[in-house]
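Notes to accompany the following structure.
Residue numbers (this note's numbering): 136 to 275.
Pasting the structure below:
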């Protein structure tokens, strides 16, 4: 009876410790093409400009060790906005949290969450009066 009890305890312990991983969503693992970027500039709480790029270039990669890399560019009103750099990340069913070392962390709210398509929205503060609301579409 003792060997069965010990084996049972080992199985339970392994199960508990393996589930204590970081919150990494396996659906995200891999390289995603950035297929659309939408943005709205808000000043003093009023939306003053809406822009859309249906042909951005580049990718966002989510590695299975909780790190990632973004290397994409989008164009709003004739101006290119390159997005490059490394990050760490966590995710749950509602959001993807992108931790950046040189800029503010980003909280991407999931709109679409499938194996081959992610659509997220997030906010970037410019200053006390201005911010951008972005929607980013990623596809495998």
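Positions of the beta carbon are idealized from the N, C-alpha and C atoms, including for glycine. From a predicted model like this one, the values you see are computed outputs, not experimental measurements.
Taking the C-beta atoms as reference points, residue 221 is found no nearer than 9 angstroms to residue 194. Within its own chain, the residues whose Cβ lies closer than 7 angstroms to the Cβ of residue 219, once the five positions on either side in sequence are excluded, are 205 and 206, listed in chain order. Within a 10 Å sphere around the beta-carbon of residue 250 sit fewer than 16 other beta-carbons, which makes this residue exposed. The C-beta separation of residue 172 from residue 209 comes to about 4 angstroms, placing the pair in contact by the 8 angstroms criterion. Excluding the 5 residues flanking it on each side, residue 244 has same chain C-beta neighbours closer than 8 angstroms at 229, 230, 255, 256 and 257, in chain order.
Residue range 202-211 is occupied by the beta strand (DSSP E) that includes residue 211. As the crow flies, the alpha-carbon of residue 191 is around 23 angstroms from that of residue 182.
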